[in-house]
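Those letters in the sequence shown? Residues 405 to 506, per our numbering, in order.
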Amino acid sequence: MVKLIALYRQPEDRDAFDRHYGEVHTPLAEKMPGLKKLEVTRIVGDPMGGASEWYLMAEMYFTDRQTLDAAMASPEGKAAAKDLMGFAGKIVTMVIGEVKEG
């Protein structure tokens with residue numbers, strides 16, 4: 405299993421970000437073919453009780469890298485990526501991870 409991870413730094417306008425993320429971006433991302441699970445985590449601070457530079461983490465799970473690559477190349481994946489760059493391009497970092505369970 406692999407996952408596409410999006411890490412978002414603190415947005416300038418949290419309410420506008422949350423509204424767009426929930427009403428526009430998430431529905432687009434959920435349409436990506438092969439998506440097994442979408443998990444969103446709101447970052448509430450660091451272990452020492454301080455503020456974090458991170459605001460949100462989204463993890464999109466796929467069976468394997470080929471399925472992830474096909475999803476990203478699909479019309480649905482391209483629409484989600486275009487939307488992402490439009491509303492959060494300056495604050496998002498994207499990485500791909502291999503899931504090891506056990």
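Where a beta carbon is used, it is the ideal one built from N, C-alpha and C, also for glycine.
Simplified DSSP assignment, three categories, for residue i
| i | result |
| --- | --- |
| Gly501 | strand |
| Ala455 | coil |
| Glu416 | coil |
| Thr352 | Residue 352 lies beyond the residue range present for the chain, which begins at 405 and ends at 506; the question has no answer from this structure. |
| Ile472 | Checking the displayed sequence, the identity of residue 472 turns out to be Leu instead of Ile. If DSSP states are grouped into helix, strand and coil, Leu472 belongs with the helices. |
| Leu439 | coil |
Residues near residue i by beta carbon distance below 6 angstroms, same chain, minus five either side
| i | result |
| --- | --- |
| Ala462 | Ala410 and Val444 |
| Met498 | Ala410 |
Residues of its chain near residue i, where Cβ-Cβ distance is below 7 angstroms and the 5 sequence neighbours each way are ignored
| i | result |
| --- | --- |
| Glu434 | Leu442 |
| Gln414 | Glu457 and Tyr459 |
| Thr471 | Gly438 |
Between the CA atoms of residue j and residue i - distance to the nearest angstrom
| i | j | result |
| --- | --- | --- |
| Tyr412 | Tyr459 | 6 angstroms |
| Lys504 | Asp487 | 30 angstroms |
Nearest to residue i (by Cα), restricted to the options the options
| i | options | result |
| --- | --- | --- |
| Arg446 | Tyr425, Gly438 and Lys440 | Tyr425 |
| Asp417 | Glu502, Met436 and Ile495 | Ile495 |
Proximal residues to residue i (C-beta, below 8 angstroms), its chain only, five neighbours per side dropped
| i | result |
| --- | --- |
| Leu439 | Ala433, Met464, Tyr465, Phe466 and Ala475 |
| Ile500 | Val406, Lys407, Leu408, Ile409, Arg469 and Leu472 |
is_contact[residue i, chain B] using C-beta, thresh 8 angstroms
| i | result |
| --- | --- |
| Leu439 | Here there is only one protein chain, and chain B is not present. |
Distance between beta carbons of residue j and residue i, contact taken as under 8 angstroms
| i | j | result |
| --- | --- | --- |
| Ala484 | Met436 | 6 angstroms |
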